[in-house]
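Student:
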Amino acid sequence: MHPTIRRVFNAQQSGLILVILLLGAILTVFAGSHVDRMTGRSVNNFLNFHTLTQTATDASFFAIMAVGATMVIISGGIDLSVGSIYALAGTTMAMALRSWQFSNPFVTVLVALMLCLGIGLLCGLANGVMVVGLRVHPFIITLGMMWVFRGIAFVMSKAESILVPDALTSVVKTTFGSSSALYPLPMLVMIAVTALGAIYLSRTVMGRHIYAIGGNSEASRYSGLRLGRILIGVYALSGLTAGIAAFVGISYYGSATCGDATGYELYVIASAVVGGASLSGGKGSAINAMLGAVLIVLIRQAIRQLHFDQNYEWIIIGSAIVIAVVLDQLNTRLTAKRLAKG
Amino acid sequence: MADNPIIRFQGIGKRFPGVQALRDVSFDVARGSCHALCGENGAGKSTLGKILAGIYTPDEGELIVDGKAVRFGSPSDAMAAGIGIVHQELAFCENLTVAENLCLGRLPARATFVSRRELLRRAREYLAAIQSKIDPTRLVGALPVSQQQLVQIAAAVSHGARILIFDEPTSSLSQIESEHLFELIKQLQTQGVTAIYVSHRLEEIYRLCDTITVLRDGQHVGTKPVTELDQGGLVQMMIGRALEAYFPGHLQAKPGEELLRVENLSSPGKFENISFQLRAGEVLGFAGLVGAGRTEIAEALFGLDRLATGRVYVNGKPMPLRHPSIAMRHHVGMVPEDRKRHGLVLMMNGRENTSLPTLERFAGLGWVHPAAERRVAKKYFDLLHVKAPSIESVAAGMSGGNQQKVVLGKWLAADCRVLIVDEPTRGVDVGAKAEIHGLIDELANKGNGVLLISSELPEVINLSTRILVLRNGQITGEVSRANASQETLMRLMAGLCA
């Protein structure tokens, strides 16, 4: 990368990290502390393992999806159906396990994982095939499929809440042998998915092609790229991440309903956009999308821990999203100016 | 020259990035005349028309309309001074009706509600002024081009335009539609309208115009009454510059085996029955005026035109015309005409643009090897002398010449046997141009075949082994290098009997 661009690119990432650290510091200072009953020591209300892990866990469910959504956004599209794919994958998995009743916990977990990933992938493929084959704007296709997928989950589950086997919960809520009530697995999955997404985007031919299509689809076609195939792949990956999130989320909470993850699609898009993805395509990164998700959760956390009126949560989060994007655009425009000069 | 000209151009100059489009252009247009602006592709005739219409502002010089110096910041300024333009790209809001478009900006309204009856009444009045019977309630987007043009004329006349600029008005009209247009222009003239007619179609100019101004390379060559200038003389004025003969090395070699054979290539409305062949070591030039179908043929060969029919063989093997990736598999590449729209992903850097068509070659199992990619990008940056801080420089920040070199490099890196180059030196400075010419020669020398499309006659003549001349989507002649002169080509291109 060109040094200037690299600097700006990093500036954006470090900017996000800076804001997250700043917010964390504010929380640490103002959240107060309490006395731990077991040890008798004073513990900061925010800066402790339990709260930090919990914050990361809260972020993980939609941060995982944000990695896939960012790829869609980089390609110049949008995916509004990820929340519904989450619900459909989750309820299908829960119902299947209820009727199959495997005795072996290993088989249970494996089947659950395959089901969630498979359904996520299939739903994403359906989105992609329709976007490419019908030549309808992805906003419309995924808006429609958002209701269709959730509707299928609703009809199948008859709006019941379905418990999942304990085998799943114990895997996702593993404490890795420690005695404390820390469940780091969702966070680790989030980090792993982000890392894989980042590598995929920056190091593979497909990843490069996604940026190219989003940057200039005509020039990509004139360079012999198969736009249709690439786009179908992008939507499939977005569905896949929704499936992963469903496996982790449903197992963590222990039950599935067709109303799970309602409205998550907007959090997911917000995370990608706060992370600097441009809705006109060609720009975005997996790591930044994850950081965007963490930032949004942290803002929510701040409202609660600092005892702001919780009724203002949506207003504050909404404003934060707009401010983040305005700042990012300002940054881009300054870069363009610098480029034009140099 | 008239004593009281309606328009006087005085030392007009205009620069675009990388090219001086106009330089010190001065001449007068007589009141009530029909004044032709002629010249080769890229001579600056359209630019001059657009300056008069307020679409561009000149960098130098003065525009004097009716004795007063004017400076237009926008087309509406020009409109207020009584100047309208009929121009293909400057269309209307296609989603609105004819009536709404005609009254746009001055919609008759009563208490914020548009008065439909008044709107239609006015629109009919405007259309009647040019004897047109177009239904004003139709959507502009649903009208054929010829009628959209009439709406433009009606709009200009309704604004009280006394000067109308016609920019290549017949380029997408049928013969009959053109006849109607000519009649309308003649009739507008009797109403005191001065017409500026920008075209390179000589027969139209001789039918319609009384005065001809010729531009060449952005400079004014001369303004003469039609009666004093025959077609041969006009062609001479348009070509003008002497051909600096240049003999690229590939001419010495004997053409090798056949690389590309095209049989009866047709695409509805674009070109028909195009047949030719290209041998190894040859540069085949495509000459023709804008709209002759050269770029369209190139795009069809590269698999970008789904409607194209015909048989194409590369190295003796049939090549389906479905997708660029299929063409690339047959070792056919194309450097497109519009580098910003089709050649580059502007937000990507030089390395990423260079490797875009061939990224799989620098990758194992879908995994890009950065070192291999960098090496190739660097190789072509050095070979082409791209002036940029590094291969990591973003394409958007490069000059036109350097962008063009990146596009060329990207296709050189693809190792094509047949390379189509469409206007490879447009908007490129002199030094870069010579380098690009050298590269094309070298490609041919190495036993590849090059299809060269260029609007610059000296470029086509100097570089090509043979030249095909196209006109209105058909091949009108094949000229060998030995017999090629600017004059013979220009005559074939313009459809004059040689």
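From first to last, the protein sequence lines stand for chains V and F. For the first sequence, the working numbering gives the first residue as 1, with consecutive numbering after it. For the second sequence, the working numbering gives the first residue as 1001, with consecutive numbering after it. Ideal Cβ positions, reconstructed from N, Cα and C, are used throughout, including at glycine.
(1) Closer than 7 Å by C-beta to F/Q1189: which residues in its own chain qualify, once you throw out the five before and the five after it? Chain order, please.
(2) Could you check if V/F139 is buried or exposed, using at least 16 other CB atoms within 10 Å of its CB as the buried criterion?
(3) State yes or no: is the beta carbon of V/E218 nearer than 7 Å to at least one beta carbon in chain F?
(4) Using the rule of at least 16 other Cβ atoms within 10 Å of the residue's Cβ for burial, across every protein chain shown, is V/F61 buried or exposed?
(5) Only counting the same chain, and skipping five residues up and downstream in sequence, which positions put a Cβ closer than 8 Å to that of V/P220?
(6) Figure out for me which residue from V/V273, V/R304, V/A261 and V/I250 has the closest Cα to the Cα of V/L364.
(7) For F/S1393, which residues from the same chain have a beta carbon less than 8 Å from its beta carbon, with the 5 sequence-adjacent residues on both sides left out?
(8) Could you tell me the alpha carbon to alpha carbon distance between V/G233 and V/I119, rounded to whole angstroms?
(9) Check whether the Cβ of F/C1093 sits closer than 6 Å to any heavy atom of the ligand ZN, and report yes or no.
(10) Any beta carbon of chain V sitting closer than 7 Å to that of F/R1008?
(11) Identify, in the order they occur along the chain, each residue of the same chain with its Cβ nearer than 6 Å to the Cβ of V/A324, setting aside the five sequence neighbours on each side.
(12) In chain B, which residues lie with their C-beta within 8 Å of the C-beta of V/A272?
(13) What are the start and end residues of the beta strand (DSSP E) that includes F/T1211?
(14) By alpha-carbon positions, which one of V/G292, V/H34 and V/M38 ends up nearest to V/T51?
(15) Please report the Cβ distance between F/M1334 and F/A1298, rounded to the nearest whole angstrom; I am assuming they are in contact, meaning their Cβ atoms lie under 8 Å.
(16) So is F/V1221 buried or exposed if we call it buried at 16+ other beta carbons inside 10 Å?
(17) Taking the alpha carbon of F/G1044 as the reference point, which residue from F/L1356, F/A1053, F/V1025 and F/I1055 has its own alpha carbon closest?
(18) At a Cβ threshold of 7 Å, is V/G282 touching chain F?
(19) Short of 7 Å in beta carbon distance, which residues of its chain neighbour V/P165, apart from the five on each side in sequence? Order them along the chain.
(20) Note down, in chain order, each residue of its chain lying with its Cβ closer than 7 Å to the Cβ of V/K337, except the 5 sequence neighbours on either side.
(21) Tell me where the beta strand (DSSP E) around F/P1225 begins and ends.
(22) Between which residues of its own chain and V/G197 is the CB-CB distance below 6 Å, once the five residues before and five after are set aside?
(23) Using the Cα positions of V/G342 and V/I299, report the straight-line distance between them to the nearest angstrom.
(24) Since F/E1179 and F/Q1474 should fall inside the 8 Å C-beta cutoff, what is the C-beta to C-beta distance between them, to a whole number of angstroms?
(25) Would you say V/G77 lies against chain F (beta-carbon separation less than 7 Å)?
(26) Look at the Cβ atom of V/L306, then the Cβ atom of V/F106, and state whether they are nearer than 7 Å.
(27) Please identify the residue among F/D1135, F/A1287, F/K1014 and F/P1005 whose C-alpha is closest to the C-alpha of F/G1061.
(28) So which residues of chain V does F/S1325 contact, with C-beta pairs closer than 8 Å?
(29) Taking the alpha helix (DSSP H) that F/A1371 falls in, what are its first and last residues?
(30) Residues of chain F with CB under 9 Å from V/V205, in chain order?
(31) Could you name the residues of chain F that V/Y183 contacts, counting a contact when the two beta carbons are closer than 8 Å?
(32) Have a look at the DSSP bridge pairing and note the partners of F/K1068.
(33) I need the boundaries of the alpha helix (DSSP H) containing F/A1434, first residue and last residue.
(34) Report buried or exposed for V/L22, applying the criterion of at least 16 other Cβ atoms within 10 angstroms of its Cβ.
(35) In terms of alpha-carbon separation, which member of F/P1318, F/S1464, F/R1417 and F/D1429 lies closest to F/N1448?
(36) Tell me whether F/M1334 sits in a helix, a strand or coil according to DSSP, three-state version.
Tutor: Reading from the atomic positions:
(1) G1032, C1034 and A1195
(2) exposed
(3) yes
(4) buried
(5) Position check: residue 220 of chain V holds Ser in this sequence, whereas Pro was assumed. Closer than 8 Å at the Cβ level, and outside the excluded window around V/S220, lie H209, A212, I213 and L227.
(6) Residue 364 of chain V is absent from the model: chain V starts at 1 and stops at 342.
(7) N1349 and G1350
(8) 15 Å
(9) Absence of the ligand ZN is noted for the structure shown, with no ligands found whatsoever.
(10) no
(11) V274
(12) You won't find chain B in this structure, because its protein chains are V and F.
(13) T1211 to R1216
(14) V/H34
(15) 6 Å
(16) buried
(17) F/V1025
(18) yes
(19) L97 and T108
(20) none
(21) Q1219 to P1225
(22) V67 and A286
(23) Confidence is the limiting factor: at V/G342 the pLDDT is only 45, short of 50, which leaves the residue's position unreliable and the question unanswerable from this model.
(24) Not confirmed; about 21 Å, so no contact.
(25) no
(26) no
(27) F/K1014
(28) G224, L225 and R226
(29) P1370 to L1383
(30) L1359, E1360, F1362, A1363, G1366, W1367 and V1368
(31) Neighbours of V/Y183 on chain F: none; closest Cβ ~34 Å, over 8 Å.
(32) F/V1065
(33) V1430 to N1445
(34) exposed
(35) F/R1417
(36) strand
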